[in-house]
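For reference, the structure discussed in these notes is given below.
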Amino acid sequence: MTATDQLIEDYLGRLESAASTLPSAQRAELLTEIRTHIEITLSHEEGRGEAAVRTVLDRLGTPEDIAREAGTDLTVESPPQATATGRRRVGAFDLVTVILLLVGGIVLPGLGWVIAVVLLWASARWTTRDKLIGTLVFPGGLTALVGFLLFSGGSSQCSPSGSCTSSGSSVGVALTLGLVAAAGSIASAVYLLHRAQHAAA
Amino acid sequence: MEQGDALNLLTQMRRGALPYCVLALLRDEQRYGVEIVRLLGEVDGMVTSEGTIYPLLSRLRRQGLVETTWRESTAGPPRRYYQLTAAGHQALDAFAGEWERFSGAVEHFIGEGDPKR
């Protein structure tokens, strides 16, 4: 290896260590580009004497400058990429969690809602306050309302005119409670989705 | 405003405008890296460290604004040619329009000659 080759190798060695934080494919690409640049530029020159090599390397700037420029785009680009992935996750995992909170207890009686609560608390998307709201407003989601409708449909006797003969007042109370639970559950589901979107943005 | 602030601002503006100057060099033809570096270097005040153009080219490629093809050369190693993609043309046109307005406005106030021009 000649002295000028050694100059070039030293320069590229410095670049390689300065660029050590880059992803390896990107670092390899950068090294190839700079090496090719040096080769092509020197092939345009009269010869590859030490002065010519030093001029080419000087004009390139320090390896640290080049590595820094390559690294700035990592810090600039990485957060938006992370956000993009997060945004996609709202569409899948978090949506499943919220839907299960609402109807899980109906699809898989009891157990579905429990699974939803586990998913909710396992997710990093929501704060503890969000999770409490999701759990307590209202346990079972729409199960209470659907359960009431099934129960009343099966047990009460309704005439064609619409008057029902089953214990009137308690049916009314149960229906009201079911509706309140359903409205609350839907409201908290909307709230959780909104929070999930907010956290992803 | 201190003098250091103005220098810092100009450095930032140069950094910001440089990618579009690279895109503009590729508007009508494909060029290889050394050629791009040489053309930028010929204009005073554009680039201080030529080597920093390569990370910039790499970034433009990952952003989908340029694409590359390798071609054999009669002398020296194969050369990587850069050309604009459709997205690159769009980005360049959008910047060029805004830049014309902005630079014209600044020139109007601080340029030499008649300010009412």
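Order-wise, the sequence lines are chains D and E. Counting the first sequence from 1 gives a position; the working numbering is that position plus 12. Take the second sequence: its position 74, counting from 1, is numbered 66 in the working numbering, and each next residue is one higher. No residue lacks a Cβ here, since even glycine has one placed at the ideal position from N, Cα and C.
| Item | Value |
| --- | --- |
| Bridge partner(s) assigned by DSSP for E/V58 | E/L76 |
| Short CB-CB distance (under 7 Å) between E/A67 and chain D | yes |
| Residue-level contact to chain E via CB, D/R26, 7 Å cutoff | no |
| Where E/R30 falls: helix, strand or coil (DSSP) | helix |
| Euclidean distance between Cα positions of D/P91 and D/I78 | Confidence at D/P91 is low in this model, with a pLDDT of 40, below 50, so its placement is unreliable and the value that follows should be read with caution. If I take the Cα positions, the gap works out to 22 Å. |
| Contacting residues, own chain, Cβ-Cβ under 8 Å from E/G33 (five flanking each side not counted) | V39, E42 |
| Cβ of D/E145 within 7 Å of any chain E Cβ | The residue you asked about is not Glu; residue 145 of chain D is Ile in the sequence shown. False, the Cβ-Cβ gap to chain E never drops below 7 Å. |
| E/E22 - containing alpha helix (DSSP H), residue span | First, the amino acid is wrong: residue 22 of chain E is Gln here, not Glu. Taken as a continuous stretch (DSSP letters only), E/Q22 belongs to no alpha helix (DSSP H), as it is neither H nor E. |
| Residue of D/V65, D/P35, D/T33, D/A30 minimising C-alpha distance to D/Q18 | D/V65 |
| Cβ-based burial, D/A208 [other Cβ within 10 Å; buried from 16] | buried |
| When E/L(-1), E/A83, E/P70 are compared against D/S55, the one with the closest alpha-carbon | E/P70 |
| Contact with chain E by D/L112, beta-carbon distance below 7 Å | no |
| Chain E within 7 Å of D/I52, Cβ atoms only | yes |
| Of the residues E/W62, E/T44, E/T77, E/T66, the one placed nearest E/Q55, counting alpha carbons only | E/T77 |
| Listed by chain order, chain E residues near D/T109 by CB distance under 9 Å | Within chain E, no residue comes near D/T109; the closest Cβ sits about 34 Å away, beyond 9 Å. |
| D/G146, buried or exposed, once every other Cβ within 10 Å from all chains shown has been counted against 16 | buried |
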